[in-house]
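Asks:
Protein chains in written order, with the numbering used here: chain F, -3 to 283; chain H, 70 to 331.
1) Inspect the beta-carbon positions of residue 334(H) and residue 283(H) and report whether they are closer than 9 Å.
2) Grab the span of the beta strand (DSSP E) containing residue 303(H) for me, first residue to last.
3) Using the beta-carbon count (16 or more within 10 Å), is residue 311(H) buried or exposed?
4) Are residue 165(F) and residue 182(F) touching if we call contact CB-CB under 9 Å?
5) Put residue 124(H) into one of helix, strand or coil per three-state DSSP.
6) Does residue 209(H) come within less than 9 Å of chain F when only Cβ atoms are used?
7) I think residue 258(F) touches residue 226(F), with their Cβ atoms under 8 Å apart; what is that distance to the nearest whole Å?
8) Taking residue 134(H) as the reference, give the member of 315(H), 302(H), 109(H) with the closest Cα.
9) With burial defined as no fewer than 16 other Cβ atoms inside 10 Å of the residue's Cβ, what is the status of residue 228(F): buried or exposed?
10) Does residue 157(F) have its Cβ less than 9 Å from a Cβ in chain H?
11) Consider the Cβ of residue 77(F): report whether some Cβ of chain A lies at a distance smaller than 9 Å.
12) Sort 144(F), 70(F), 54(F) by Cα distance to residue 209(F) and report the nearest one.
13) Between residue 122(H) and residue 94(H), is the Cβ-Cβ spacing less than 9 Å?
14) Taking 9 Å as the cut-off, decide whether the C-beta atoms of residue 271(H) and residue 189(H) are in contact.
15) Name the DSSP beta bridge partners of residue 264(F), please?
16) Taking C-beta pairs closer than 8 Å, name the residues in chain F that residue 234(H) reaches, listed in chain order.
17) Whole angstroms is fine: what's the gap from residue 133(F)'s alpha carbon to residue 221(H)'s?
18) Let me make sure I understand the geometry here. Which of 237(H), 130(H), 299(H) has the alpha-carbon closest to that of residue 87(H)?
19) Would you say residue 166(H) and residue 263(H) are within 9 Å of each other, going by their C-beta atoms?
20) Compare the C-beta of residue 109(F) with all C-beta atoms of chain H and state if any pair is closer than 9 Å.
21) Cβ closer than 7 Å: which chain F residues qualify as neighbours of residue 228(H)?
22) Hey, quick one: how far does the alpha helix (DSSP H) through residue 276(H) stretch, first residue to last?
23) Is it buried or exposed for residue 129(F), if we count other Cβ within 10 angstroms and need 16 for buried?
24) Among the candidates 179(F), 205(F), 104(F), 158(F), whose CA atom is the shortest distance from the CA of residue 321(H)?
25) In terms of alpha-carbon separation, which member of 235(F), 185(F), 278(F) lies closest to residue 110(F)?
26) Using CA coordinates, which residue listed in 103(H), 117(H), 203(H), 115(H) is at the minimum distance from residue 139(H)?
27) Does residue 287(H) come within less than 9 Å of chain F when only Cβ atoms are used?
28) Whole angstroms are fine: how far does the CA of residue 120(H) sit from the CA of residue 210(H)?
29) Listed in chain order, which residues of the segment 199 to 225 of chain H have Cβ atoms closer than 7 Å to some Cβ of chain F?
30) If you draw a straight line from the C-alpha of residue 233(H) to the C-alpha of residue 226(H), how long is it?
31) Are residue 168(H) and residue 182(H) close, meaning C-beta to C-beta below 9 Å?
32) So what does DSSP say about residue 254(F), is it helix, strand or coil?
33) Cutting at 6 Å between CB atoms, please list the residues of its own chain near residue 196(F), excluding the five before and the five after it.
34) Assuming residue 234(F) and residue 245(F) are in contact, meaning their beta carbons sit under 8 Å apart, how far apart are those beta carbons, in whole angstroms?
35) Considering just the uninterrupted stretch of the beta strand (DSSP E) at residue 64(F), what are its terminal residues?
36) Using a threshold of 9 Å, state whether the C-beta atoms of residue 315(H) and residue 144(H) are closer than that.
Laid out in structure tokens, this is it:
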């Protein structure tokens, strides 16, 4: 069942279906952990202004896993940085937990495509740096850091240095670092984009599992269609020039999800729908 | 184990090349018989050193002292300037631009000026050593402090890190390899600065000893000083490199054969 929520700007309802009952186009603000209202971001350049984002309206509900999917240059990373308070939108407003953003919000965890682990710290100390930055005594979270590392299969690697680990293990450590202070909001910017397909599947499963257990609010930027469907409650599709939301799809697949779900007709239906949409926009040249 | 053997082999090679060069020099002087005032044999230089070893060591110590003080001052001032330049657009436009402009003047030519300002004691010599060493400290430190992955800074800011914490926990350690590259150049420049200072206003030090010996047409003595200078420069360079090894066990250049885990 595909239902699309109108994005305020450039809305498209592909199968002629309006928003489903009980799900108004703009969910009520109280339910939204992150409320994005008419957000735009433009940069001045020699060729004139570049509109990285225009008219973004989106609510991310508490405990929801949302993926932001789109071609490169559609502003999905910029949107994530705006939610993180690292970049200021040029127009519109973002509220996190009911408070307008001015700088990074409380209880935020981030994971980037590059793991940016510090070479001079051991894996454990890399995870603990989150606490150091937040002025939390590391002794009080050390046990938790070790448990996170063990949970992510890094037992025995606590005292190794990042360069001794494979790419997948490094990204696992980066996720542990983001989770150390038990954030309410987890923002992930193509975290598995640089990994091989097998490791990527593996980390998708682990992420799905940990989300199932903790129900954190997650915004996950990706350009992998299957990855977005597999992980998410909703997939937000974006187009570029200017960067805008074109459709939001509910993913009604049962949880917990296993990799085999990707071979079901329901899953294939979602993939087909997204691919068709990107093809119709000329983003994919398929035949 | 393999590594030890390897380094033993390498230092053995260096020794063989050195001894070979000295032997060739000795034989060439024996066969061609140039007057000692042009080119003395290594054995003659060695005998010259043995006549007054105390004098030479004292001059070496004086040069070493001036060099080290100039170098340490350059490091302290240079790092402070670099941190300032990286954090302030104003300092970048003023101090950094001024430094670059100053660097394009042959600084050795400024040495007599320092003597006019500070007299003929140790101060102008330290000042010249400092001035020559400062530039490479600042340039490489600024480069190192700037070349941080922007996402690393983003991550720290997302965790609400203070800019002091970012400097101390990310920027500085990240800049260390670059800073040490600058220090290795700076230590040699500090020695050059010291010798220049001793040339223009010296009453002691190897530079002054070279000048005195030259005045007396005592070429073997000049060569003793030159060899001591070479030794001094080499030792100082390797001390900085040793400190680098202690400070950067994690750096790519220091890693031993750890294979990445599967």
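For every residue, glycine included, the Cβ atom is placed at its ideal position computed from N, Cα and C.
Replies: Well, looking at it:
1) As displayed, chain H neither begins before 70 nor continues past 331, which places residue 334(H) out of reach and without an answer.
2) Taken as a continuous stretch (DSSP letters only), residue 303(H) belongs to no beta strand (DSSP E), being part of the alpha helix (DSSP H) at 288 to 316.
3) exposed
4) no
5) helix
6) no
7) 6 Å
8) 302(H)
9) buried
10) Residue 157(F) belongs to the set of residues whose beta carbon lies under 9 Å from a beta carbon in chain H.
11) Reference to chain A is not applicable here, since the protein chains of this structure are F and H.
12) 144(F)
13) It is not a contact, given that the beta carbons lie outside the stated cut-off.
14) yes
15) In the DSSP secondary-structure assignment, residue 264(F) is not bridged to any residue.
16) 128, 129
17) Counting only the Cα atoms, residue 221(H) lies some 21 Å from residue 133(F).
18) Ranking 237(H), 130(H), 299(H) by Cα distance to residue 87(H) puts 299(H) first.
19) no
20) yes
21) 126, 129, 130
22) 275 to 284
23) By the neighbour-count rule (16 or more Cβ atoms within 10 Å), residue 129(F) is buried.
24) 158(F)
25) Taking residue 110(F) as reference, the option from 235(F), 185(F), 278(F) with the minimal CA-CA separation is 185(F).
26) 203(H)
27) no
28) C-alpha separation (whole angstroms): 45 Å.
29) 218, 220, 221, 223, 224, 225
30) 12 Å
31) no
32) DSSP places residue 254(F) in coil when its eight states are reduced to three.
33) Here the set comprises 188.
34) In fact, because the Cβ distance is near 12 Å, the residues do not count as touching under 8 Å.
35) 61 to 65
36) no
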